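**Student:** Provided herewith is a single structure, encoded as structure tokens, for subsequent inquiry.
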Amino acid sequence: MLIHPWDAPRDDAEWQRWLAVHDFGQLAVNGLPGEPPYVQPLHFVYDAERGEALTHLARPNPLWDALEANPEVLLSVVDDYVYVPGPWQAPPDTPSEHGTPTSLYAAVQLRCTAHVVDDPAAKAALLNRQVGHFQPEGGSARAAVGEAPYGRMLSGIRGLRLEVVAVRAKFKYAGHRPAEVQDRIAAGLANRSGPRDAAARGHLLDRRGT
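Taking my numbering, the leading residue of the sequence shown gets 13, the next gets one more, and so forth.
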């Protein structure tokens, strides 16, 4: 992923805050010899203090052999993306039809070492952390070994603890464009008011001068 200086996060806190509320991504695992990489969409919980992401997958998932052969993986998260029409990006004093269309987006890539979790008690703890993150209001029973309703289901899954070893983050929001162009893009996003436009506009305005 190409990251220009103006698209780089201001600090680790910026991408960590974003990742805390963007918790669905794609896990890329190197394929076995002769096979393409595996790419698995999944929910996860990112723990900044421990430097890890937690998730789980069904035991029949076909990626386990490849994961155990090479535990070096990449967890990729992309969101707050929008299409920017060319006229919005036209430089000052230039015909609007000369503007270049582009995409704006936020992306975080976590390079990780994957650790498979098969111990039933450890899997139950991992599941409870995930549910606690996604469902803080409660309403579901806790997973516990040998206890209903989820104890009997633990054998059907395997947990994954993804130890983060490197991070690449990008916030591509017209950071290198003149203020006049940034204002035009922000106005265009506000008027269009499509999916993700408000989030992208918020990033653009927040990162002005980065």
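In this text, a Cβ means the ideal position worked out from N, Cα and C, and glycines have one as well.
Note that this is a predicted model, so its numbers are computed, not measured.
Using a 10 Å radius around the Cβ and a threshold of 16 neighbouring Cβ atoms, would you call Glu-84 buried or exposed?
**Tutor:** The residue you call residue 84 lines up with position 72 of the sequence shown. Counting Cβ neighbours within 10 Å, Glu-84 comes out exposed, since fewer than 16 surround it.
**Student:** Helix, strand or coil, according to DSSP, for His-110 in the structure here?
**Tutor:** What you label residue 110 is simply residue 98 of the sequence shown in a count that begins at 1. Three-state DSSP puts His-110 in a helix.
**Student:** Spatial neighbours of His-188 within its chain, please: CB distance less than 6 Å, with the 5 preceding and 5 following residues excluded, ordered by chain position.
**Tutor:** For this step, residue 188 is matched to residue 176 along the sequence shown. If we look at His-188 and ignore the five residues flanking it on each side, its Cβ neighbours are Trp-18.
**Student:** Please classify Asp-209 as buried or exposed, where buried requires at least 16 other C-beta atoms within 10 Å of its C-beta.
**Tutor:** Within the sequence shown, the letter at position 197 stands for residue 209. Counting other Cβ atoms within 10 Å of its Cβ, Asp-209 reaches 16 or more and is therefore classed as buried.
**Student:** For Val-129 and Leu-172, which I take to be in contact (beta-carbon distance under 8 Å), what is that distance rounded to the nearest angstrom?
**Tutor:** Counting from one through the sequence shown, the residue named residue 129 turns up at place 117. Counting from one through the sequence shown, the residue named residue 172 turns up at place 160. The Cβ separation is near 7 Å, so the contact holds.
**Student:** Name the two residues that bound the continuous beta strand (DSSP E) containing Ala-70.
**Tutor:** The residue you call residue 70 lines up with position 58 of the sequence shown. 64 to 70 is the extent of the beta strand (DSSP E) around Ala-70.
**Student:** If we count the other Cβ atoms within 10 Å of its Cβ and call it buried at 16 or more, is Asp-218 buried or exposed?
**Tutor:** In the sequence shown, the residue the question calls residue 218 occupies position 206. Exposed.
**Student:** Could you check the C-alpha separation between Thr-106 and Leu-201 for me, to the nearest Å?
**Tutor:** What you label residue 106 is simply residue 94 of the sequence shown in a count that begins at 1. What you label residue 201 is simply residue 189 of the sequence shown in a count that begins at 1. The alpha-carbon atoms of Thr-106 and Leu-201 are separated by roughly 21 Å.
**Student:** Quick check: the segment 122 to 138 against the segment 165 to 183, are at least 3 beta-carbon pairs closer than 8 Å?
**Tutor:** yes
**Student:** Quick check: Arg-123 and Val-176, are their CB atoms within less than 9 Å of each other?
**Tutor:** For this step, residue 123 is matched to residue 111 along the sequence shown. For this step, residue 176 is matched to residue 164 along the sequence shown. Contact flag set, yes.
**Student:** Going by C-alpha distance, which of His-145, Pro-161, Asp-24 and Ser-167 is nearest Tyr-58?
**Tutor:** For the purposes of this step, residue 58 is identified with residue 46 of the sequence shown, where counting begins at 1. In this structure, His-145 is the residue among His-145, Pro-161, Asp-24 and Ser-167 with its C-alpha nearest to the C-alpha of Tyr-58.
**Student:** Please determine if the segment 27 to 43 and the segment 75 to 84 are in contact, where contact requires at least 3 C-beta pairs separated by less than 8 Å.
**Tutor:** yes
**Student:** Give me whichever residues DSSP pairs with Arg-196 in a beta bridge.
**Tutor:** One-based indexing of the sequence shown puts residue 196 at position 184. Its beta-bridge partners do not exist; DSSP assigns none.
**Student:** Quick one: grab the DSSP three-state call for Gln-28.
**Tutor:** For the purposes of this step, residue 28 is taken as residue 16 along the sequence shown, with counting starting at 1. If DSSP states are grouped into helix, strand and coil, Gln-28 belongs with the helices.
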